[in-house]
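Undergrad: Protein sequence lines, in the order shown, are assigned to chains C and E. For the first sequence, the numbering used here assigns the number 2 to the initial residue and increments by one for each residue that follows. For the second sequence, the numbering used here assigns the number 209 to the initial residue and increments by one for each residue that follows. Using N, Cα and C, we set each Cβ at its ideal position, and we do this for glycine too.
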Amino acid sequence: MSSSSLLAGLRSPAPALLVAIRIAVFTACLAPALLLANEWFAMRLGANPIEAVTHATGDWALRMLLITLAVTPLRRFTGLHWLIRLRRMLGLFAFFYASLHFAAYVWLDLYFDWGAIALDILERPFITVGFAAFVLMIPLAITSTQGAMRRMGGQRWQALHRSVYGIAILAVVHYWWLVKADIREPLIYALILAALLGVRAWWREQERRRQLAAIPGSPSFKGKVIRIVPK
Amino acid sequence: RKLEPLLPSEFSTDEGLTEIESVTSYNNFYEFGTGKTDPMTHAHKMQVRPWTVSVEGLAARARTFDIEDLLRIAPLEERIYRLRCVEAWSMVIPWVGFPLSALLKEVEPLGSAKYVEFVTHYDPEIMNRRPIIDWPYTEGLRIDEAMHPLTILSVGLYGQVLPNQNGAPIRLVVPWKYGFKSAKSIVTIRLTENEPATAWNKAAPQEYGFYSNVNPEVRHPRWTQATERRIGELRRRPTLMFNGYGDQVAHLYQGMDLKTFY
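This is the structure:
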């Protein structure tokens with residue numbers, strides 16, 4: 002295959018190739034959970050395995066969230082428009098790892114001590130924001146199907162799903178407030194998130210200027226607006 | 209290297225010991241990194257011989273001790289203590305050591321000495337250079353806490369010399385306080401009139417007080433202190449006031465509001 006036809010194949014992959022890509026991405030997203038489960042049962046998670054599971058699932062929830070938010074910029078920069086067809090799966094994996102993280106905390110760590118859990122959520126800001134991020138993900142997961150999108154209508158669905166930006170901010174704040182002194186790792190996540198949100202803000206500004214420059218009501222303007230963010 | 213003979217101690221608990229693999233692989237020793245296994249990986253770079261400890265400040269016979277002399281200050285005892293970390297995990301560790309009071313008596317503290325400050329080894333060549341906390345790590349005790357028979361200087365665990373990651377060659381162990389009070393790899397012990405600044409109190413005063421007695425009723429701002437996970441166990445257990453050493457130490461704090469002096 003020549004490089005140009007390879008590029009063409011990548012730009013609009015055949016349905017069979019797209020299925021293969023989806024399977025590969027699914028496997029890659031599931032792998033951390035399987036490896037973690039394996040380490041758990043092989044008792045290779047060190048002196049405090051519960052802490053190790055809690056931290057690993059939290060890390061992956063945050064990573065999947067950022068990967069999901071990277072789809073749109075990646076798609077615009079590369080022109081690989083089919084990337085959008087991976088986004089729901091990536092978002093659901095973010096929810097999957099967030100659920101495991103929450104389960105590790107409620108089940109493994111506090112063993113359903115609801116009094117202690119309620120106190121944590123009410124009184125400890127880092128848990129409050131982490132819990133809020135998790136709860137806010139639930140409606141997004143529920144409405145992730147084609148059917149739900151149809152029933153809600155594109156506008157409303159999109160408005161709801163924009164809360165993912167807030168969720169990602171809460172998730173980074175949750176990590177930041179958790180660490181005792183060494184903020185290097187949360188800082189890396191915060192910078193990536195800032196870049197992902199920053200590029201969207203920049204596009205929005207470009208679009209606003211473009212629309213201002215266009216003559217209102219002119220036929221060349223109408224229908225060409227790419228709605229990146231709400232007006 | 210084995211340390212012997214070891215005297216048994218009436219202060220030892222008969223609770224099950226935490227496995228030595230956990231005691232030596234799950235450590236907070238931020239000079240070697242903030243990950244729990246970082247100290248195990250990096251602490252070998254620290255040279256623990258020769259080593260001296262300067263005992264200075266308000267004492268009639270203040271002087272510097274060689275580590276070999278410190279090992280002969282008093283008979284070595286095995287002290288099996290609970291260790292409660294402020295992060296809500298705990299261990300049971302068979303320390304080897306001698307009462308800190310034995311060393312302090314050697315230098316004859318003056319009446320004006322009200323506090324004891326501990327300064328730990330800091331070598332930027334082999335240790336963390338990022339200002340996570342204000343290096344070198346310092347800790348402090350009130351003089352009566354320092355003279356208390358439960359307070360020891362430890363030189364070993366499990367009958368062996370102290371592994372570097374556990375604070376070789378000599379460290380403090382104060383079993384009724386959160387683990388960070390028990391400073392590792394000590395180089396200076398200073399008798400002072402005023403309450404010394406302590407590393408974690410400087411880093412986050414609202415979270416770590418000077419006293420930092422184990423206290424299930426004083427909430428840490430970010431997690432519960434009412435329960436703890438004993439390393440090696442899956443379920444949490446209730447945290448005991450003064451880490452279960454209340455009978456021996458509660459009188460030290462009579463009349464003090466431990467929510468104010470946390």
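Against Ile-51 (chain C), what residues of chain E qualify as contacts under a CB-to-CB distance less than 9 Å, listed in chain order?
TA: Residue numbering aside, residue 51 (chain C) sits at position 50 when the first sequence is read from its first letter. Going along chain E in sequence order, the residues near Ile-51 (chain C) (Cβ under 9 Å) are Arg-437 and Leu-442.
Undergrad: Whole angstroms is fine: what's the gap from Gln-147 (chain C)'s alpha carbon to Pro-187 (chain C)'s?
TA: The residue given as residue 147 (chain C) occupies position 146 in the first sequence. The residue given as residue 187 (chain C) occupies position 186 in the first sequence. Taking the straight line joining both Cα atoms gives about 34 Å.
Undergrad: If I measure Cβ to Cβ from Ile-378 (chain E) and keep anything under 8 Å in the same chain, skipping five residues before and after, which residues do I get?
TA: Along the second sequence, one-based indexing puts residue 378 (chain E) at 170. If we look at Ile-378 (chain E) and ignore the five residues flanking it on each side, its Cβ neighbours are Trp-259, Val-261, Ile-275, Leu-278, Leu-361, Ser-362, Val-363, Leu-370, Ser-393 and Ile-394.
Undergrad: May I have a chain-ordered list of the alpha helix (DSSP H) segments no shorter than 4 residues that lie completely inside the region 99-135 of chain C?
TA: Complete alpha helix (DSSP H) runs here, min 4: 115-124.
Undergrad: Output, in chain order, the set of chain C residues within a Cβ distance shorter than 8 Å of Ala-411 (chain E).
TA: Numbered from 1 along the second sequence, position 203 holds the residue referred to as residue 411 (chain E). Neighbours of Ala-411 (chain E) on chain C, chain order: Ala-182.
Undergrad: Considering only DSSP beta bridges, list what Gly-265 (chain E) is partnered with.
TA: For the purposes of this step, residue 265 (chain E) is taken as residue 57 along the second sequence, with counting starting at 1. BP columns for Gly-265 (chain E) point to E:Leu-399.
Undergrad: Please list, in chain order, the residues of the region 181-200 of chain C that have any C-beta partner in chain E closer than 7 Å.
TA: Those would be Ala-182 and Asp-183, in chain order.
Undergrad: Whole-angstrom Cβ separation of Leu-197 (chain C) and Ala-71 (chain C), contact assumed at under 8 Å?
TA: Residue 197 (chain C) sits at position 196 when you count from the first residue of the first sequence. Residue 71 (chain C) sits at position 70 when you count from the first residue of the first sequence. Yes, they are in contact, since the Cβ atoms of Leu-197 (chain C) and Ala-71 (chain C) sit about 6 Å apart, within 8 Å.
Undergrad: What residues in the region 108-134 of chain C have a beta carbon less than 9 Å from any beta carbon of chain E?
TA: Answer in chain order: Leu-109, Asp-110, Leu-111, Tyr-112, Asp-114, Ala-117, Leu-120, Asp-121, Glu-124, Arg-125, Pro-126, Phe-127 and Ile-128.
Undergrad: Quick one: what does DSSP say Pro-74 (chain C) is sitting in, helix, strand or coil?
TA: Taking the first sequence and counting its residues from 1, the one referred to as residue 74 (chain C) is at position 73. The answer is helix: DSSP assigns Pro-74 (chain C) an H, G or I state.
Undergrad: Does the count of Cβ pairs from the region 128-147 of chain C and the region 174-183 of chain C closer than 8 Å reach three?
TA: Touching, yes, given that three or more Cβ pairs across the two stretches are closer than 8 Å.
Undergrad: Please check the pair Asn-374 (chain E) and Asn-235 (chain E), which I expect to be a contact at CB under 8 Å, by giving their CB distance rounded to whole angstroms.
TA: Locating residue 374 (chain E) in the second sequence gives position 166, where the first residue counts as 1. Locating residue 235 (chain E) in the second sequence gives position 27, where the first residue counts as 1. Asn-374 (chain E) to Asn-235 (chain E), Cβ: 7 Å. Contact.
Undergrad: Give a yes or no on whether the C-beta atoms belonging to Gly-92 (chain C) and Thr-69 (chain C) are separated by under 8 Å.
TA: By one-based count along the first sequence, residue 92 (chain C) stands at place 91. By one-based count along the first sequence, residue 69 (chain C) stands at place 68. Yes.
Undergrad: Taking 8 Å as the cut-off, decide whether the C-beta atoms of Glu-239 (chain E) and Asn-336 (chain E) are in contact.
TA: Residue mapping note: residue 239 (chain E) aligns to position 31 of the second sequence, counting from 1. Residue mapping note: residue 336 (chain E) aligns to position 128 of the second sequence, counting from 1. Contact: yes.
Undergrad: Can you pull the chain C residues whose beta carbon is under 9 Å from the beta carbon of Ile-341 (chain E), in chain order?
TA: The residue labelled residue 341 (chain E) in the question sits at position 133 within the second sequence. The contacting residues are Ala-182.
Undergrad: Within 8 Å of any Cβ in chain C, is that where the Cβ of Arg-430 (chain E) sits?
TA: Here residue 430 (chain E) is taken as the residue at index 222 of the second sequence, counted from 1. For Arg-430 (chain E), the answer is yes, since a Cβ of chain C falls inside 8 Å of its Cβ.
Undergrad: Would you say Gly-47 (chain C) lies against chain E (beta-carbon separation less than 8 Å)?
TA: Indexing the first sequence from 1 puts residue 47 (chain C) at position 46. Interface residue, yes.
Undergrad: Candidates E:Leu-284, E:Tyr-330 and E:Leu-349: which alpha carbon is nearest Lys-210 (chain E)'s?
TA: Sequence index remark: in the second sequence, residue 210 (chain E) carries index 2 (1-based). It is E:Leu-284.
Undergrad: Is the beta carbon of Met-355 (chain E) sitting closer than 8 Å to the one on Leu-312 (chain E)?
TA: Here residue 355 (chain E) is taken as the residue at index 147 of the second sequence, counted from 1. Here residue 312 (chain E) is taken as the residue at index 104 of the second sequence, counted from 1. For Met-355 (chain E) and Leu-312 (chain E), yes; Cβs fall inside 8 Å.
Undergrad: Let me know the secondary structure DSSP gives Met-299 (chain E) once reduced to three states.
TA: The sequence position of residue 299 (chain E) within the second sequence is 91, counting from 1. Three-state result, Met-299 (chain E): strand.
Undergrad: So which residues on chain C does Tyr-345 (chain E) lean against when the C-beta distance must stay under 7 Å?
TA: As a first step, residue 345 (chain E) is located in the second sequence; it is residue number 137 there, counting from the start. Residues of chain C passing the Cβ test: none, with the nearest at roughly 12 Å.
Undergrad: Given Asp-455 (chain E), which residues of its chain have a CB within under 6 Å of its CB, disregarding the five upstream and five downstream residues?
TA: Start at 1 with the first residue of the second sequence, and residue 455 (chain E) comes out as number 247. The answer is none, since no qualifying residue turns up.
Undergrad: Can you check whether the CB of Pro-307 (chain E) is closer than 8 Å to the CB of Tyr-366 (chain E)?
TA: Position 158 of the second sequence, counted from the start, is the residue given in the question as residue 366 (chain E). Position 99 of the second sequence, counted from the start, is the residue given in the question as residue 307 (chain E). Not closer than 8 Å, so no.
Undergrad: Can you give me, in chain order, the residues of the region 294-319 of chain E that have a beta carbon less than 7 Å from any beta carbon in chain C?
TA: Listed by position, the residues of the region 294-319 of chain E near chain C (Cβ gap below 7 Å) are Trp-297.
Undergrad: Under the assumption that Leu-399 (chain E) contacts Gly-265 (chain E) (Cβ atoms under 8 Å), give the Cβ distance between them as a whole number of angstroms.
TA: Locating residue 399 (chain E) in the second sequence gives position 191, where the first residue counts as 1. Locating residue 265 (chain E) in the second sequence gives position 57, where the first residue counts as 1. Yes, Leu-399 (chain E) and Gly-265 (chain E) are in contact; Cβ-Cβ is about 4 Å, under 8 Å.
Undergrad: Which residues of the region 385-401 of chain E have a Cβ closer than 7 Å to any Cβ of chain C? Give them in chain order.
TA: Answer in chain order: no residues at all.
Undergrad: Touch check for the region 51-60 of chain C and the region 22-42 of chain C: three-plus C-beta pairs under 8 Å?
TA: In short, these stretches touch, since the Cβ pair count reaches three.
Undergrad: Can you tell which of C:Arg-209, C:Ile-170, C:Asp-114 and C:Ser-164 has the C-alpha that lies nearest to the C-alpha of Thr-432 (chain E)?
TA: Against the second sequence, residue 432 (chain E) aligns to sequence position 224. Among C:Arg-209, C:Ile-170, C:Asp-114 and C:Ser-164, the Cα nearest to that of Thr-432 (chain E) is on C:Asp-114.
Undergrad: Which residues, in order along the region 223-237 of chain E, keep a beta-carbon less than 7 Å from a beta-carbon of chain C?
TA: Flagged, chain order: Ser-230, Ser-233 and Tyr-234.
Undergrad: Say whether chain E places a C-beta atom closer than 8 Å to the C-beta of Val-230 (chain C).
TA: Reading the first sequence from its first residue, position 229 is the one you call residue 230 (chain C). For Val-230 (chain C), the pLDDT reaches just 49, beneath the cut-off of 50, and the residue's location in the model is therefore unreliable, although a value from the coordinates is still provided. False, the Cβ-Cβ gap to chain E never drops below 8 Å.
Undergrad: Going along chain C, which residues have a C-beta under 8 Å from Ala-376 (chain E)?
TA: In the second sequence, residue 376 (chain E) corresponds to position 168, counting from 1. By Cβ distance, chain C contributes nothing, its closest Cβ being about 19 Å from Ala-376 (chain E), past 8 Å.
Undergrad: Looking only at C-alpha atoms, which of C:Arg-76, C:Leu-63 and C:Leu-31 sits nearest to Leu-192 (chain C)?
TA: Translated into positions along the first sequence, residue 192 (chain C) becomes position 191. With distances taken between Cα atoms, Leu-192 (chain C) lies closest to C:Leu-63.
Undergrad: Comparing the C-beta of Thr-260 (chain E) with each C-beta of chain C, is any distance below 8 Å?
TA: For this step, residue 260 (chain E) is matched to residue 52 along the second sequence. So no, Thr-260 (chain E) is outside the interface.
Undergrad: Run the CB neighbour count on Asn-409 (chain E), radius 10 Å, all protein chains shown included, and call it buried at 16 or more, exposed below.
TA: Translated into the one-based positions of the second sequence, residue 409 (chain E) becomes position 201. It counts as buried.
Undergrad: Span of the alpha helix (DSSP H) holding Asp-455 (chain E)?
TA: Sequence index remark: in the second sequence, residue 455 (chain E) carries index 247 (1-based). First-last of the alpha helix (DSSP H) with Asp-455 (chain E): 454-457.
Undergrad: Terminal residues of the continuous alpha helix (DSSP H) containing Ile-340 (chain E)?
TA: Position 132 of the second sequence, counted from the start, is the residue given in the question as residue 340 (chain E). No alpha helix (DSSP H) contains Ile-340 (chain E), which DSSP labels as neither H nor E.
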